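In the numbering used here, the protein residues as written are 1225 to 1333.
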């Protein structure tokens, strides 16, 4: 029987950041609009924001949220398999290092 599990299910606690990002994005957009209307007349404000697409902003925010969800999913490390087996291995790690830089070419006195 195949089972599915997450190695690090505590990573899903990071999903609380999604509503925070949405709220902060809304507040930032509202404050930005308030600042612009404070300094510019309605005619100039309409001209400045005519090229800005709210639909594109929403798509961008949606894609950013999807990226965060996928990142959290990757942090949770999903795993599937038929059985779980503990393997004990012993060994010795050996590193051989040769210094072949030109500083080693100096002759001894």
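Note that beta-carbon positions come from the ideal geometry of N, C-alpha and C, so glycine has one too. Fair warning: this is a prediction, and the values are worked out from it, not measured in the lab.
Check: N- and C-terminal bounds of the beta strand (DSSP E) containing residue 1228; Outcome: 1227-1230
Check: Local conformation of residue 1326 per DSSP, three classes; Outcome: helix
Check: Residue 1236 versus residue 1296: straight-line alpha-carbon distance, rounded; Outcome: 6 Å
Check: Whether residue 1226 touches residue 1306 by CB criterion (8 Å); Outcome: yes
Check: Opening and closing residue of the alpha helix (DSSP H) in which residue 1313 lies; Outcome: Per DSSP, residue 1313 belongs to no alpha helix (DSSP H) and is neither H nor E.
Check: Supposed close pair residue 1330, residue 1233 - CB separation, criterion 8 Å; Outcome: Actually they do not touch by this definition, with Cβ atoms about 57 Å apart.
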